Amino acid sequence: MKALKIYFWALLAFLWAPLFVVLVKGSTLTAFEKLLHNSEVIQAFRSSLVLAAATAVISTVLGLATAFALPAFPPRLRRIFTGSLLLPLVLPEIAFGIAYLVWYQQLGLAPGWFTLLLSHFAFTFCFVVLVLKTSVAKIDHSLSDSARDLGAGSWGVFRHALLPQLMPGIVAGAMMAFSLSLDDFLITFFVKGIDQLTLPVKIYSMMHLRLGPEIYALSVVLFAISLISVIFTQLWYATSHRSRP
Amino acid sequence: MDRRRLLIIPYALWLLGLLAAPFTLILIASFAQKDDLGLLHYGLHFDSYAQLFDPLYFQIFLRTLLMATLHSVLTLLVAYPAAFFLSRLPRKEAAFYLTLLLVPFWTNYLIRLLAFMDVLRLQPFGIEWTFQFHGILAAMLYNYLPFAVLPLYSALEKVPSSVIEAAQDLGASRRKVLTKVLWPMTRRPVTATFLLVFIPALGEFLIPVLVGGGQNFYLGSFLQQQFLTFRNWPLGSAAISLLVLLAILMLLFSGKALAEEEEMAT
Numbered sequence: 002m003k004a005l006k007i008y009f010w011a012l013l014a015f016l017w018a019p020l021f022v023v024l025v026k027g028s029t030l031t032a033f034e035k036l037l038h039n040s041e042v043i044q045a046f047r048s049s050l051v052l053a054a055a056t057a058v059i060s061t062v063l064g065l066a067t068a069f070a071l072p073a074f075p076p077r078l079r080r081i082f083t084g085s086l087l088l089p090l091v092l093p094e095i096a097f098g099i100a101y102l103v104w105y106q107q108l109g110l111a112p113g114w115f116t117l118l119l120s121h122f123a124f125t126f127c128f129v130v131l132v133l134k135t136s137v138a139k140i141d142h143s144l145s146d147s148a149r150d151l152g153a154g155s156w157g158v159f160r161h162a163l164l165p166q167l168m169p170g171i172v173a174g175a176m177m178a179f180s181l182s183l184d185d186f187l188i189t190f191f192v193k194g195i196d197q198l199t200l201p202v203k204i205y206s207m208m209h210l211r212l213g214p215e216i217y218a219l220s221v222v223l224f225a226i227s228l229i230s231v232i233f234t235q236l237w238y239a240t241s242h243r244s245r246p
Numbered sequence: 005m006d007r008r009r010l011l012i013i014p015y016a017l018w019l020l021g022l023l024a025a026p027f028t029l030i031l032i033a034s035f036a037q038k039d040d041l042g043l044l045h046y047g048l049h050f051d052s053y054a055q056l057f058d059p060l061y062f063q064i065f066l067r068t069l070l071m072a073t074l075h076s077v078l079t080l081l082v083a084y085p086a087a088f089f090l091s092r093l094p095r096k097e098a099a100f101y102l103t104l105l106l107v108p109f110w111t112n113y114l115i116r117l118l119a120f121m122d123v124l125r126l127q128p129f130g131i132e133w134t135f136q137f138h139g140i141l142a143a144m145l146y147n148y149l150p151f152a153v154l155p156l157y158s159a160l161e162k163v164p165s166s167v168i169e170a171a172q173d174l175g176a177s178r179r180k181v182l183t184k185v186l187w188p189m190t191r192r193p194v195t196a197t198f199l200l201v202f203i204p205a206l207g208e209f210l211i212p213v214l215v216g217g218g219q220n221f222y223l224g225s226f227l228q229q230q231f232l233t234f235r236n237w238p239l240g241s242a243a244i245s246l247l248v249l250l251a252i253l254m255l256l257f258s259g260k261a262l263a264e265e266e267e268m269a270t
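In order, the protein sequences belong to chains A and B.
With the working numbering applied, the first sequence covers 2 to 246.
With the working numbering applied, the second sequence covers 5 to 270.
So this is what it looks like as structure tokens:
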């Protein structure tokens with residue numbers, strides 16, 4: 002067991018080394034100064050954030066509807082549905098990027114923000130449904146029954162009896178969709194137009210000119226955002242679980 | 005009819021418009037022919053499939069297969085002991101170590117890859133890594149390791165320590181424990197995990213381009229070139245069709261293993 006522990010720490014060193022490089026190179030004042038003055042990177046970052054937020058909202062709302070609908074179907078059909086949702090998780094991403102490129106062109110959809118949003122929705126939707134599927138399965142139906150007995154309409158039941166129970170799943174699903182969209186390079190690369198510069202695409206285009214320190218500073222910012230959101234959700238989970246009787 | 009069934013409409017639209025139709029179109033395009041003017045003629049032509057076996061292209065696919073296979077074997081070999089270590093820890097401690105494993109992935113994929121290349125440029129172990137095949141394998145390992153550790157951990161966690169102890173008490177060596185106890189009990193999740201890292205690797209684009217320097221072509225670059233540079237849709241579509249077919253056959257082949265995997269994950 003001791004040997005295994007040393008082995009595991011060696012692996013951690015391997016995985017942490019690049020992050021360490023980023024944090025060291027990016028946490029300097031000059032790096033941040035350069036980042037603030039690089040308006041193209043800031044603009045790309047802003048575009049990515051907006052795209053990711055829109056993707057997360059759409060995927061979560063439609064994913065929630067799907068997760069609710071699934072139990073209403075016989076198990077055999079449900080297995081087929083879930084199986085198809087797993088495909089984007091296991092098939093190579095490049096196949097989707099290209100299939101969408103060809104498909105949109107056939108439909109006469111010009112590459113732009115709309116095709117980007119559609120494509121980002123396409124792959125984040127699967128993750129969100131798979132996360133919310135388990136949340137819906139865990140619903141305590143006695144709560145919605147009593148809400149209905151107390152005179153709540155179907156909206157009221159959803160809002161006050163179901164939604165609070167589903168909240169952890171919804172937050173997890175939305176965060177997943179957000180970060181997957183923010184991180185995506187390959188699908189974006191194929192379906193974007195000339196004017197759509199998301200952050201990963203911008204970084205890719207800068208790479209051939211050797212990266213400046215501002216990219217590392219940006220990475221520090223992204224890392225900090227992840228860190229804060231993870232800590233925030235952990236705390237939120239902990240408190241919401243404690244308050245439950 | 006249950007009114008809830010109407011809520012399936014978004015999924016149905018997704019299935020038709022963002023899964024079935026695009027890939028059907030790829031399949032149709034793979035049987036099309038491109039004339040000298042670059043126009044597509046639909047029909048049932050097998051030219052593109054035949055063209056894939058041209059040594060010029062075929063060597064790209066062989067190289068990709070070799071890379072994906074070596075990468076998957078390497079990743080599983082590295083991940084298995086790590087997952088075993090986690091599986092023998094109390095839940096809380098395992099969660100702590102798992103978090104440590106995942107934290108490096110909290111920043112942008114592309115930046116992470118560039119930072120990894122910075123590390124490779126320092127020539128660890130006195131070896132040249134960038135623009136080398138083993139550099140590609142190292143980057144693949146770096147990128148896919150957590151995806152292998154997580155499912156293997158959830159599989160190994162289900163092997164009770166008492167079983168291992170019983171085997172040891174009966175005089176089984178460490179190797180015997182591994183081959184006669186752990187391996188039979190985790191064979192299926194291992195197969196599923198293998199596919200989980202193998203199939204995406206077939207279409208990997210950035211790592212061969214960035215770490216490999218792009219001198220040696222892999223499937224990802226080949227596809228990018230066919231669709232974005234040469235606009236040879238039939239040839240590119242034929243390659244995608246075969247790739248997806250191969251992936252789906254492998255998934256069906258190990259379908260049972262995957263279903264189990266999913267059960268474990270939920």
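Cβ atoms here follow ideal geometry from the backbone N, Cα and C, with glycine treated the same way.
Being a predicted model, the structure only gives us computed values, none of them experimental.
So the candidates are B:LEU206, B:PHE257, B:TYR15, B:ASP40; which of them puts its Cα closest to the Cα of TYR148 (chain B)?
Here residue 148 (chain B) corresponds to residue number 144 of the second sequence, with the count starting at 1. With distances taken between Cα atoms, TYR148 (chain B) lies closest to B:LEU206.
Assuming LYS38 (chain B) and ASN220 (chain B) are in contact, meaning their beta carbons sit under 8 Å apart, how far apart are those beta carbons, in whole angstroms?
Along the second sequence, one-based indexing puts residue 38 (chain B) at 34. Along the second sequence, one-based indexing puts residue 220 (chain B) at 216. Their Cβ separation, rounded to whole angstroms, is 26 Å, which puts LYS38 (chain B) and ASN220 (chain B) out of contact at 8 Å.
Under a three-way DSSP split, which group does HIS45 (chain B) fall into?
Residue numbering aside, residue 45 (chain B) sits at position 41 when the second sequence is read from its first letter. Strand, per DSSP.
Assuming ILE140 (chain B) contacts GLY216 (chain B) under a Cβ cut-off of 8 Å, what Cβ separation, rounded to an integer in Å, is found between them?
To locate residue 140 (chain B), count along the second sequence from 1; it is residue 136. To locate residue 216 (chain B), count along the second sequence from 1; it is residue 212. With a Cβ gap of about 5 Å, ILE140 (chain B) and GLY216 (chain B) count as contacting.
Starting from ASN147 (chain B), trace the alpha helix (DSSP H) both ways and give me its first and last residue.
Position 143 of the second sequence, counted from the start, is the residue given in the question as residue 147 (chain B). Here the alpha helix (DSSP H) through ASN147 (chain B) covers 137-160.
Considering only their Cβ atoms, is the gap separating SER85 (chain A) from LEU198 (chain A) smaller than 9 Å?
Taking the first sequence and counting its residues from 1, one reaches residue 198 (chain A) at position 197. Taking the first sequence and counting its residues from 1, one reaches residue 85 (chain A) at position 84. No; because the gap between Cβ atoms is not below 9 Å, this pair is not in contact.
Within the stretch 94-154 of chain A, ranges of the alpha helix (DSSP H) (whole runs, at least 4 residues):
94-108, 114-138, 142-150
What residues in the stretch 234-251 of chain B have a beta carbon less than 8 Å from any beta carbon of chain A?
TRP237, GLY240, SER241, ILE244, LEU247, VAL248, ALA251
Assess, as a yes-or-no matter, whether the stretch 175-194 of chain A is touched by the stretch 119-138 of chain A under the definition of 3 or more beta carbon pairs within less than 8 Å.
yes
Measure the alpha-carbon distance for ALA86 (chain B) versus ARG160 (chain A) and round it to whole angstroms.
Taking the second sequence and counting its residues from 1, one reaches residue 86 (chain B) at position 82. Taking the first sequence and counting its residues from 1, one reaches residue 160 (chain A) at position 159. Cα-Cα distance, rounded: 44 Å.
Exposed or buried, what is PHE88 (chain B) when buried is set at 16 or more other beta-carbons lying within 10 Å of its beta-carbon?
In the second sequence, counting from the first residue as 1, residue 88 (chain B) sits at position 84. Burial call: buried.
So what's GLN37 (chain B) in DSSP terms, helix, strand or just coil?
The sequence position of residue 37 (chain B) within the second sequence is 33, counting from 1. In this structure, GLN37 (chain B) counts as strand in the three-state DSSP scheme.
Decide if PRO246 (chain A) is buried, meaning its Cβ has at least 16 other Cβ atoms within 10 Å, or exposed.
The residue given as residue 246 (chain A) occupies position 245 in the first sequence. Residue confidence is low: PRO246 (chain A) scores 42 on pLDDT, short of 50, so the model does not pin down where it sits. Its coordinate-derived value is still stated next. With fewer than 16 Cβ atoms within 10 Å of its Cβ, PRO246 (chain A) is classed as exposed.
Residue span of the alpha helix (DSSP H) that contains ASP122 (chain B), given as start and end
Taking the first residue of the second sequence as position 1, residue 122 (chain B) is located at position 118. Looking at the DSSP string, the run of the alpha helix (DSSP H) that includes ASP122 (chain B) is 113-125.
Can you confirm whether GLU215 (chain A), when its beta carbon is compared against all beta carbons of chain B, has any partner nearer than 9 Å?
As a position in the first sequence, residue 215 (chain A) is number 214, starting the count at 1. Output row for GLU215 (chain A): interface = no.
Given that a residue counts as buried once 16 or more other Cβ atoms are within 10 Å of its Cβ, and exposed if not, what is PHE27 (chain B)?
What you label residue 27 (chain B) is simply residue 23 of the second sequence in a count that begins at 1. It is buried - the Cβ of PHE27 (chain B) has at least 16 other Cβ atoms within 10 Å.
How would you list, in chain order, the residues of chain A whose beta-carbon sits under 8 Å from the beta-carbon of ASN220 (chain B)?
As a first step, residue 220 (chain B) must be located in the second sequence, where it is residue number 216. The premise fails here: ASN220 (chain B) is roughly 17 Å from chain A at the closest Cβ pair, so nothing lies under 8 Å.
Relative to the C-alpha of ILE171 (chain A), which candidate in A:PHE191, A:ILE188, A:THR135, A:LEU151 has its C-alpha closest?
If you number the first sequence from 1, residue 171 (chain A) lands on position 170. That would be A:THR135, whose Cα lies nearest to the Cα of ILE171 (chain A).
Sequence-distant residues of its chain with Cβ nearer than 7 Å to LEU80 (chain B) (five each side left out)
In the second sequence, counting from the first residue as 1, residue 80 (chain B) sits at position 76. Counting only Cβ-Cβ distances below 7 Å, and skipping sequence neighbours, we find ALA152, VAL194, THR197, PHE198.
Burial state of ARG125 (chain B) (16 or more Cβ within 10 Å)
Here residue 125 (chain B) refers to the residue found at position 121 of the second sequence. Classification for ARG125 (chain B): exposed.
Taking VAL77 (chain B) as the query, report the chain A residues whose CB atoms sit under 8 Å from its CB, ordered along the chain.
Mapped onto the second sequence, residue 77 (chain B) falls at position 73. Chain A residues near VAL77 (chain B): none, gap ~17 Å exceeds 8 Å.
At what residues does the alpha helix (DSSP H) containing SER40 (chain A) begin and finish?
Stepping through the first sequence from its first residue, residue 40 (chain A) is reached at position 39. Counting along the chain, the alpha helix (DSSP H) containing SER40 (chain A) begins and ends at 40-70.
Stretch-stretch touch, CB-based, cutoff 8 Å, three pairs: the stretch 22-29 of chain A with the stretch 136-149 of chain A
no
Cβ neighbour criterion (16 or more within 10 Å) applied to HIS142 (chain A)
Here the question's residue 142 (chain A) lines up with position 141 in the first sequence. Exposed, by the Cβ-count rule.
Can you tell me whether ALA239 (chain A) is buried or exposed, with buried defined as 16 or more other CB within 10 angstroms of its CB?
Counted from its first residue, the first sequence places residue 239 (chain A) at position 238. Per the 10 Å Cβ criterion, exposed.
For a contact defined as C-beta to C-beta under 9 Å, what are the partners of ASP141 (chain A) on chain B?
As a working note, residue 141 (chain A) is residue 140 in the first sequence. Those do not exist, as ASP141 (chain A) stays about 17 Å from chain B at its closest Cβ, beyond 9 Å.
What residues from the stretch 197-212 of chain B come within 9 Å of chain A, judged by C-beta to C-beta, listed N to C?
LEU199, LEU200, ILE203, PRO204, ALA205, LEU206, GLY207, GLU208, PHE209, LEU210
Measure the alpha-carbon distance for SER177 (chain B) versus LEU105 (chain B) and round it to whole angstroms.
The residue given as residue 177 (chain B) occupies position 173 in the second sequence. The residue given as residue 105 (chain B) occupies position 101 in the second sequence. Their Cα atoms are separated by approximately 30 Å.
Out of curiosity, what's the CA-to-CA distance linking LEU23 (chain B) and ARG80 (chain A)?
On the second sequence, position 19 is the one that residue 23 (chain B) refers to. On the first sequence, position 79 is the one that residue 80 (chain A) refers to. Roughly 17 Å separates the two Cα atoms.
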